[in-house]
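Chains as they are written, first to last, in my numbering: chain A, 3 to 246; chain B, 3 to 246; chain C, 3 to 246; chain D, 3 to 246; chain E, 3 to 246; chain F, 3 to 246. Positions of the beta carbon are idealized from the N, C-alpha and C atoms, including for glycine. One structure is given here, and the rest of the page talks about it.
6 protein chains.
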Amino acid sequence: MNLTRADGRKVNELRPVRITRHFTEPPEGSVLIECGHTRVMCTATFTPSVPRWRKDSGLGWVTAEYAMLPRATSERTDRESVKGKIGGRTHEISRLIGRCLRGVIDMKALGENQIQLDCDVLQADGGTRTASITGAYVALVDALRWAEKNGHIKSADKVIKDAVSAVSVGVIDGKPMLDLPYVEDSKAMTDMNVAMTGSGAFIEIQGTAEHRPFTRAELGILLDLAEKGNRELQAAQAAALAQD
Amino acid sequence: MNLTRADGRKVNELRPVRITRHFTEPPEGSVLIECGHTRVMCTATFTPSVPRWRKDSGLGWVTAEYAMLPRATSERTDRESVKGKIGGRTHEISRLIGRCLRGVIDMKALGENQIQLDCDVLQADGGTRTASITGAYVALVDALRWAEKNGHIKSADKVIKDAVSAVSVGVIDGKPMLDLPYVEDSKAMTDMNVAMTGSGAFIEIQGTAEHRPFTRAELGILLDLAEKGNRELQAAQAAALAQD
Amino acid sequence: MNLTRADGRKVNELRPVRITRHFTEPPEGSVLIECGHTRVMCTATFTPSVPRWRKDSGLGWVTAEYAMLPRATSERTDRESVKGKIGGRTHEISRLIGRCLRGVIDMKALGENQIQLDCDVLQADGGTRTASITGAYVALVDALRWAEKNGHIKSADKVIKDAVSAVSVGVIDGKPMLDLPYVEDSKAMTDMNVAMTGSGAFIEIQGTAEHRPFTRAELGILLDLAEKGNRELQAAQAAALAQD
Amino acid sequence: MNLTRADGRKVNELRPVRITRHFTEPPEGSVLIECGHTRVMCTATFTPSVPRWRKDSGLGWVTAEYAMLPRATSERTDRESVKGKIGGRTHEISRLIGRCLRGVIDMKALGENQIQLDCDVLQADGGTRTASITGAYVALVDALRWAEKNGHIKSADKVIKDAVSAVSVGVIDGKPMLDLPYVEDSKAMTDMNVAMTGSGAFIEIQGTAEHRPFTRAELGILLDLAEKGNRELQAAQAAALAQD
Amino acid sequence: MNLTRADGRKVNELRPVRITRHFTEPPEGSVLIECGHTRVMCTATFTPSVPRWRKDSGLGWVTAEYAMLPRATSERTDRESVKGKIGGRTHEISRLIGRCLRGVIDMKALGENQIQLDCDVLQADGGTRTASITGAYVALVDALRWAEKNGHIKSADKVIKDAVSAVSVGVIDGKPMLDLPYVEDSKAMTDMNVAMTGSGAFIEIQGTAEHRPFTRAELGILLDLAEKGNRELQAAQAAALAQD
Amino acid sequence: MNLTRADGRKVNELRPVRITRHFTEPPEGSVLIECGHTRVMCTATFTPSVPRWRKDSGLGWVTAEYAMLPRATSERTDRESVKGKIGGRTHEISRLIGRCLRGVIDMKALGENQIQLDCDVLQADGGTRTASITGAYVALVDALRWAEKNGHIKSADKVIKDAVSAVSVGVIDGKPMLDLPYVEDSKAMTDMNVAMTGSGAFIEIQGTAEHRPFTRAELGILLDLAEKGNRELQAAQAAALAQD
């Protein structure tokens, strides 16, 4: 396991992570997360009400939207607003982020309040969906602390049941590896995104092997890598949230 | 493990599966798959050309679209054509089905030909996406046999690298169970869709635990159930394809 | 009038009709109608309320939506949901079906309840709009019987003023003919869809002669054929509704 | 049959018709037709090519689009451009107009040229679709004369097989009547639009009886009225086209 | 300044203006304005309520929509309703017209009432947006007079703070000119639309010099021309409004 | 003129400007511009080809798209991609930016190459459209330098005819002021955006006075302020572009 990769990392090594809180001023939570060259701006909007279908339930709601700026990538991608519709990939990722964050929220403790997470990719180099989840968690905590300070909720800590982070793992040329940049991601035979809680349980596992099915043994190794990566990402989240 | 469920099944028991080939006449492949009360019509359209972006690659293409008829469910759902856009859930499932089927196709052997899979849910009682994958595989084989007979490809067998089927598993009231109908699915804390090849490898694992994270031990049990279910579904596929 | 056609029928002979009630379980009314190779699934959804513009009128409402599955035809047609808009033909047929069914309903007796008819063509071989009307009538009756049984309306019989069915007629190579399959429809110089009540009156006549205008004498013959066809279709409806 | 109506007309009397050619300058054909208070601007655009699907057929194409200006009616209707989609009624009428005009065109004589008819209702008082057909015919002739003069076609007269006009008829309070203004149209139990050629044959009959079915005897009377109306409208078309 | 142009005008001369009030019957205000060959139909719809976001403010609202009929121009332009979206140019002009008219309305005196202006270009020969503003003002006055007569507002005169008109100016081949027809507009290096009140102040100045920047001295000359043109247009408005 | 404002500035003082080049890596030009609290990311994409309508003209093309991230503002705004259409304001601003940048480009020297400018507002505090123009110019220069270095064009300097920047001016409580933040902008009676070239000529003047018309004298003062502001912004652009 000490083989190195194009960027000099070991197979079980994360890219450098940097989490900048209060990246912009207007949102209740605003985070820039950088995982290697991937940069995602995650904002959390707190609204003291819920969508109509959720009214009078006593429960809160958390939802997410993901998007790429046109030149986040080396080829420009057309804006979905100009095309007049959202593509399947965007839909899929937005839904994934929403489920992961809802997975660590106590909706009863949140009360009839809503948090909208917006993850906009400024620069993409693989792992934008997992970086979005990891960054959105920090923005979510900031928005809940804001809500506590402003009397919208009693306690941010009671609303957050656990931390959540996510990382990609994959098999490249037969080798399982952690945290794939674009160059590796595009060659991966198998590719898995794993979201885990602070207590080490899974919230989402999405493994896809369009190019070569994977065995149960390979799955085991990939999950080991993902656990290691998520533990480290959660340490970075905690460090960022400890500052003030 | 011999606890019974609302419908009398054991926790590791599939719902009755029925696969009807040649369900309608026009398509190259047309299958009605019934998994308990879930009924999906899967058609495969063979076209002797590929989308523009795939031209001159020597490779074929397989794609899928999933949809629900308005009264497949107990409450009527509005048509996406009338709403003027496709929802996130539909997009997500269409993409999943496409990836699973591409996972068992040798694109080189297919040559510059395209197969479009259409999975329309006539009646929904949980597991519509997994039933779609299982049924679409049979329609795909029929379309390839048609293409072989009509001289579009040399050999259907060379194009199909392996069988693929999918099944849902989940944890209900703390119990891992196989093949969830709607009533169980809506109570599941954890819910996983597992697509496997005939040789027992994974093509897709999508586990989601919005309501309660799951441990690695639970994951193991769920994958055991999924393996059992997929083996049986593949036996049903093989039986249906053996008839003529 | 004893000339035979490609499928062996006489010019004044209907294709075999089969009406299957309770085709699927969730809807209040669910019918599969088969007219020769044409197969349409017609569901009726009963809702105990009316659209906003109809509120406080004391009157009910009946509406219809028609759609074709992508491979109902020999060439695949793109989904209107994917295209993001409904085409003119679909709009035109949906409106026709709605008007025909409203034509036999006593809106006052229905009260402030709504019935939505969904006609989805599983297999198309000409006459899909007339089959939809004929089948939707049976689904509508089933939904009203359900509503009576469940106390939403006093009497299904009072809501239904009369039966309604529809059939196509046309002039092919100068010969007026009843109930055109696709192969005849595409050669028709004149093409007419006629919806009639059980008492023999017209609800809709849509004659179109893009390829050769028709005389008043020809119109007379076509209407005679349509009357004969509709009487027979209404006998089939009655027979289906008599079973239980 | 000498009963008078709200506007003083007899039951078999048309509203005053006025046809103004060369209403605007840019189009190849531009007509303002006024039928009572209904005013429709009909333009014909000649293009020396056909849509892609018609290429290399040696045949021409004629198509039509109908629209209402927002304040053509006493209540303002929202623009379909702003709503982002075309409604069913607009689609239905556009298709009707196109079929009627194609019904009198010899596509072979037209050659690979296209004519697009645009019918924009400036003021609506019933019968806008029939006025559109009657006016569009005159615009079409003007565009073909223009095309002949400019060498795009050999002879306008050979392209036009016959004249076409259309008129509405209906049963109001049990009385069949010709050419319904809005106030009558909205009370009509039965309502029929009849397009006829100069030689007295039918191109389109669209009778709808959502409010009360009609008998074959009533149909006969309505068609008599329609024939009389169309003969008079065709006289007005001929008179307008005779001027220069 | 006595150089003549293609159409014989002097550089500081307006095209002939004709304002026809009560052009159509249904709207509260309906004006046809002709500036040379440009013809725009401007209607004003008075509604005794305001959009939701304006409720309980005590203030009124004025809004505008601009559109071109397909053959207003020498080349047919596709309908925005058919394309399913409104283009940038249409949006930009609609917003401009709305701002100009709001600029002369006392929203408090209007009370919670709304006026919607619809400007539909029947024939385009340059200056359609400025003709729309000039014509819409007259339609707006008529709608307010109607509202006064019908007791919706106390006094039309109190609602209208001042007149407003607009005209284009531009630099063609180095010469500043007033009121550009299409042929000049398309050659203009600089192009400016100037909306002014009756008291000679500016409501909108939109100068654009995509093809050659303009100096402050040129700006001065253009504004002089625009002042002269607007004074004359306001005289035409006043003359039209004086008739009854 | 030495009155101070809420943020301590004089009426003729710009907010602090900061221009960061190479803000992200993938684009040919990537600039973050900060004007006070307003922050816009401007990228320039160079493509060695032109849109179809521009083919074989020998000329290049420059176009721009503007958008706001959902939480650039204190209230979250819904994504236009989710709404399925672009609003009028977005369209208007995108077109303005495009015209301004085209105004300083020699399309012949650019040759058949295209530059797409994307201006995404990360944080909005007034003046986002003028900051976009000022920032986009720097990104455009970087993209042209890249194109020169990579042999797509001969000389970036020949393509760029002059610099361009833009600034807002307005009248607040009767006082003309330079560079309005949101709090001033929302109170402005008159509001003008002025784009100027390095040589001091105007490319765009957009003055709007929905709330109080402005006189020619006021216009003069506003243009003086705009000239001062633009000279300073151009100094900042030059300083940024001088670095390497």
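Taking all protein chains in view, the Cβ of serine 96 of chain A is crowded by 16 or more other Cβ atoms within 10 Å, so the residue is classified as buried.
Checking the DSSP bridge columns, you'll see aspartate 193 of chain E partnered with E/Gly172 and E/Thr210. When DSSP states are grouped into helix, strand and coil, glutamate 234 of chain E belongs to the helix group. Using beta-carbon distances, proline 215 of chain E counts as an interface residue toward chain F, with a partner under 8 angstroms. One alpha carbon belongs to asparagine 14 of chain A, the other to glycine 222 of chain A, and they sit about 14 angstroms apart. Residues of the same chain with a CB within less than 7 angstroms of the CB of aspartate 108 of chain D, apart from the 5 flanking positions on each side, are Lys160, Val161 and Lys163 in chain order.
Close CB contacts of histidine 24 of chain F within its chain, under the 7 angstroms cut and outside five residues either way in sequence, are with Ser32 (chain order). Arginine 131 of chain D sits buried, since 16 or more C-beta atoms from the chains shown fall within 10 Å of its C-beta.
The beta-carbon of aspartate 120 of chain B is placed less than 8 angstroms from the nearest beta-carbon of chain C. Glutamate 77 of chain C is classed as exposed because its beta carbon has fewer than 16 other beta carbons within 10 Å across all chains shown. Against glutamine 208 of chain D, the close residues of chain C are Glu206, Ile207, Gln208, Gly209 and Thr210, in the order they occur along the chain (beta-carbon pairs closer than 9 angstroms). In summary, glycine 176 of chain E is exposed, with fewer than 16 beta-carbon neighbours lying within 10 Å of its beta-carbon over all protein chains present.
A direct Cα-to-Cα measurement between glutamine 118 of chain A and arginine 73 of chain F gives close to 10 angstroms. With respect to isoleucine 135 of chain B, alanine 165 of chain B sits apart: the two C-beta atoms are not nearer than 8 angstroms. Secondary structure at valine 143 of chain E: helix, using DSSP grouped into helix, strand and coil. For serine 170 of chain A, the closest Cβ of chain F is not nearer than 8 angstroms. Here the alpha carbon of isoleucine 21 of chain C sits roughly 26 angstroms from the alpha carbon of glycine 137 of chain B.
For aspartate 122 of chain C, the enclosing beta strand (DSSP E) begins and ends at 116-125.
Cysteine 37 of chain F places its beta carbon less than 8 angstroms from that of arginine 17 of chain F. Within its own chain, the residues whose Cβ lies closer than 7 angstroms to the Cβ of alanine 238 of chain C, once the five positions on either side in sequence are excluded, are Val19 and Ile21, listed in chain order.
Using a 10 angstroms sphere on the CB of tryptophan 63 of chain C, the tally of other CB atoms reaches 16 or more, which defines it as buried. In the structure shown, alanine 66 of chain D falls within a strand segment according to DSSP collapsed to helix, strand and coil.
Exclusion of the five residues before and after alanine 145 of chain C leaves Glu30, Gly31, Ala46, Phe48 and Ile117 as the residues of its chain whose Cβ lies within less than 6 angstroms of its Cβ. Ranked by Cα distance from serine 201 of chain C, the options C/Gly113, C/Gln208 and C/Gly105 are led by C/Gly105.
In the structure shown, alanine 46 of chain C adopts extended strand secondary structure according to DSSP, grouped into three states. Close to lysine 87 of chain F, with beta-carbon spacing below 7 angstroms, are these residues of chain E in chain order: Lys87. For leucine 34 of chain D, the uninterrupted beta strand (DSSP E) run begins and ends at 31-37, by DSSP. Under the three-state reduction of DSSP output, leucine 16 of chain C falls in the coil class, being neither helix nor strand.
Per the C-alpha coordinates, the member of F/Lys110, F/Thr192, F/Gly89 and F/Val140 positioned closest to glycine 172 of chain F is F/Thr192. In this structure, the alpha-carbon of cysteine 102 of chain F lies about 38 angstroms from that of lysine 85 of chain B.
Across the set C/Phe204, C/Ile205, C/His154 and C/Gly209, the C-alpha of C/Gly209 shows the shortest separation from the C-alpha of proline 178 of chain C. A Cβ-Cβ separation of about 6 angstroms places valine 185 of chain A in contact with alanine 8 of chain A under the 8 angstroms criterion.
Under the DSSP assignment, leucine 61 of chain F falls outside any alpha helix (DSSP H); it carries neither an H nor an E label.
Relative to arginine 41 of chain B, the option among B/Ile155, B/Glu220, B/Ala211 and B/Ala126 whose CA is nearest is B/Ala126. Within chain B, the C-beta atoms nearer than 8 angstroms to that of alanine 69 of chain C come from Arg81 and Ser83, in chain order.
For lysine 177 of chain E, the secondary structure class from DSSP, reduced to helix, strand or coil, is strand.
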